[in-house]
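Undergrad: For reference, the structure I am asking about is given below.
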Amino acid sequence: MWGRRLVVPQTCIGRVLNMVHEPHMGIVKSKSIARSYVWWPGVDEDVERMCRNCEVCASQADNPPQNAPSMWPWPNRPWARLHLDFMGPLGGKTYLVIVDATSKWIEIFNVHSTSARYTIDKLCELFSRWGLPKQIVSDNGPQFACKEFKDFTKSNGIEHIFTAPYHPASNGLAENAVRTMKRVIKKAIQSKQDIDRSLWAFLLHYRNVEHATTGECPALLLIGRRTRTRLDIIRPDREGRVFRAQQRQCEAAGGLTRQVSRGENVWYRQFQNREKWAPGKITDRLGARDFKVLTREGTLIHRHIDQLRKRPSGSLVPFSDMAEGSRSRIPYDLPQPRHHDREPVESSEDPTPINNPSEPQPEPSGLAQVHEQTSSISQQPSDPSANSLGPIRPVRLCRLNRPPIYKY
């Protein structure tokens with residue numbers, strides 16, 4: 166004896182261990198029983214080894230502590246990996262829930278059967294709108310593990326990943342979506358609303374709300390924009406605000422509204438020649454304020470309406486003459502003055518001064534010569550055939566002496 170405990174000899178240790186572990190009470194309680202009655206060197210280690218090697222205890226043991234979660238890699242492109250799961254029956258209906266791993270976009274379909282053929286039909290309908298993914302993740306349900314579904318994924322180049330059986334946490338993205346949709350359906354049943362309309366209304370707003378994981382709304386990540394809802398009606402209209410701002414800018418800028426038509430003669434602004442304006446003709450309209458102009462050299466240029474001026478049809482230099490290359494041609498046959506031009510006043514006295522033949526007379530300048538030519542032509546009798554064409558605009562004599570010089 167050792168105190169109140171019996172010292173067991175080496176030959177009897179096996180029989181005592183079987184008696185201690187007979188009720189299969191576990192390691193802790195088996196050690197407590199052994200310490201109360203018996204002792205031998207290494208009694209605690211022998212009892213623990215006996216309990217761990219017992220197949221009956223091992224078959225009914227508790228689950229081990231949960232392992233640290235391992236996250237799925239986040240795809241850098243939307244609609245690359247989809248998570249699938251079935252929900253229901255709930256309210257007499259079964260649903261197929263699909264979630265995009267990148268954008269967290271949720272799709273839900275009311276299915277009448279969970280067979281592989283019906284599941285493939287719904288997936289083909291979904292892929293026709295958003296395209297084929299690279300991977301799909303599902304559990305080991307018979308509709309996903311059958312040969313028909315395997316041939317479907319293989320023919321479309323989709324990698325099918327199965328999660329561990331009876332471990333819904335491996336497909337946690339789909340399970341969370343199922344839980345969310347199930348809560349929506351239960352609320353619709355309790356409030357006596359249409360289930361399908363409640364699901365559609367929820368998905369419309371869910372896709373516009375920022376997700377806690379990505380920080381972006383699913384619609385923005387998948388389709389690049391937010392979908393319009395009834396809440397957008399109460400927000401200020403961006404298009405109307407921009408239009409009003411543009412109207413205020415136009416009113417503040419001022420200016421006149423001018424229009425030119427195709428085939429109209431104009432003066433166009435030139436920037437590389439000595440002359441500031443040159444004659445041309447409108448050939449085409451390029452925009453609301455832009456036009457294509459035919460120059461006198463026969464080339465086409467682009468000008469804004471602010472760089473154009475209307476040219477009267479009775480211009481001094483016709484466009485046909487300009488197209489031939491004459492820049493400042495002086496006509497030899499000057500036209501007669503119009504009938505409304507001022508007639509020379511008849512005077513009783515001769516205003517012509519008497520020149521002394523002995524004094525040398527200065528030669529007339531170029532401008533005086535032009536005036537003499539004009540006066541001599543105006544005194545000649547007019548040709549009736551010339552008047553049949555109507556009055557002709559007189560030539561500006563200031564341009565005939567020398568070309569204009571502009572100061573920039």
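Under this note's numbering, read the sequence shown as residues 166 to 573, first letter to last. Think of the CB as a built atom: it goes at the ideal place given N, C-alpha and C, for glycine as much as any other residue.
What would DSSP say about Met-184, mapped onto helix, strand or coil?
TA: In the three-state reduction of the DSSP assignment, Met-184 falls in the helix class.
Undergrad: Using a Cβ-Cβ cut-off of 7 Å (strictly less than) and excluding sequence neighbours within five positions of Thr-279, which residues of its own chain qualify?
TA: Phe-251, Thr-259 and Gln-308
Undergrad: Who are the Cβ neighbours of Arg-321 in its own chain at under 8 Å, not counting the five residues just before and after it?
TA: Here the sequence assigns Asn to residue 321, which means Arg is not the residue at that position. Closer than 8 Å at the Cβ level, and outside the excluded window around Asn-321, lie Phe-292 and Leu-297.
Undergrad: DSSP state of Gln-435, grouped into three classes?
TA: coil
Undergrad: Which residue's Cα is closest to the Cα of Asn-228: Pro-206, Leu-247 and His-332?
TA: His-332
Undergrad: How far does the beta strand (DSSP E) with Met-252 in it reach, from first residue to last?
TA: Note, Met-252: beta strand (DSSP E), 246-255.
Undergrad: Determine the contact status of Val-262 and Ala-366, defining contact as a CB-CB distance below 8 Å.
TA: no
Undergrad: Should Cys-382 be labelled buried (16 or more other beta-carbon atoms within 10 Å of its own) or exposed?
TA: buried
Undergrad: According to DSSP, simplified to helix, strand and coil, what is Asn-430?
TA: In the structure shown, the three-state DSSP call for Asn-430 is strand.
Undergrad: Got a sec: is the Cβ-Cβ distance from Met-346 to anything in chain C below 8 Å?
TA: The structure shown has no chain C; it contains just one protein chain.
Undergrad: Considering Cα atoms alone, identify which of Leu-249, Ser-195 and Trp-239 is closest to Asn-341.
TA: Leu-249
Undergrad: Between the beta-carbon of Trp-387 and the beta-carbon of Trp-244, is there less than 8 Å?
TA: Note on identity: in this sequence residue 387 is Leu, with Trp being the wrong assignment. Contact flag set, yes.
Undergrad: Is DSSP giving Glu-381 helix, strand or coil here?
TA: Secondary structure of Glu-381 (DSSP, three-state): coil.
Undergrad: How is the alpha helix (DSSP H) around Pro-444 delimited, first residue to last?
TA: Here Pro-444 belongs to no alpha helix (DSSP H); instead the beta strand (DSSP E) covers 442-450.
Undergrad: Under the three-state reduction of DSSP, which class applies to Lys-475: helix, strand or coil?
TA: strand
Undergrad: With DSSP as the reference, identify every bridge partner of Trp-365, one or two as the case may be.
TA: Trp-365 is bridged by DSSP to nothing; it lacks a bridge partner.
Undergrad: Return helix, strand or coil for Asn-275, following the three-state DSSP convention.
TA: strand
Undergrad: Enumerated in chain order, which unbroken segments of the beta strand (DSSP E) with a length of 3 residues or greater are wholly contained in the stretch 290-317?
TA: 300-303
Undergrad: Tell me whether Gly-405 is buried or exposed, calling it buried when 16 or more other Cβ atoms sit within 10 Å of its Cβ.
TA: Around the Cβ of Gly-405, a 10 Å sphere holds fewer than 16 other Cβ atoms; the residue is exposed.
Undergrad: Just verifying my parser: in three-state terms, what is the DSSP assignment at Tyr-331?
TA: coil
Undergrad: Cα separation between Gly-419 and Val-458?
TA: Cα-Cα distance, rounded: 26 Å.
Undergrad: With a threshold of 16 other CB atoms inside 10 Å of the CB of Leu-396, please say whether the residue is buried or exposed.
TA: exposed
Undergrad: Could you check which residue in Thr-422, Leu-255 and Thr-345 has the C-alpha nearest to that of Ile-354?
TA: Leu-255
Undergrad: What does the alpha-carbon distance come out to for the pair Trp-442 and Ala-410?
TA: 35 Å
Undergrad: Taking the C-alpha atoms as reference points, what is the distance between Gly-445 and Gln-437?
TA: 16 Å
Undergrad: Please classify Asn-218 as buried or exposed, where buried requires at least 16 neighbouring CB atoms within 10 angstroms.
TA: exposed
Undergrad: Along the chain, where does the alpha helix (DSSP H) containing Leu-338 start, and where does it finish?
TA: 337-355
Undergrad: Rounded to the nearest angstrom, what separates Met-190 and Gln-225 at their Cα positions?
TA: Their backbone Cα atoms lie some 12 Å apart in a straight line.
Undergrad: State the DSSP-derived secondary structure class of Glu-324, mapped to helix, strand or coil.
TA: Looking at Glu-324 - three-state DSSP - the assignment turns out to be strand.
Undergrad: Quick check on DSSP: helix, strand or coil for Val-172?
TA: strand
Undergrad: Consult DSSP for Ile-178 and reduce its assignment to one of helix, strand or coil.
TA: Looking at Ile-178 - three-state DSSP - the assignment turns out to be helix.
Undergrad: My understanding is that Thr-267 touches Pro-238, with C-beta atoms under 8 Å, so please give their C-beta distance in whole angstroms.
TA: Going by Cβ atoms, the distance from Thr-267 to Pro-238 rounds to 11 Å, so no, they are not a contact pair.
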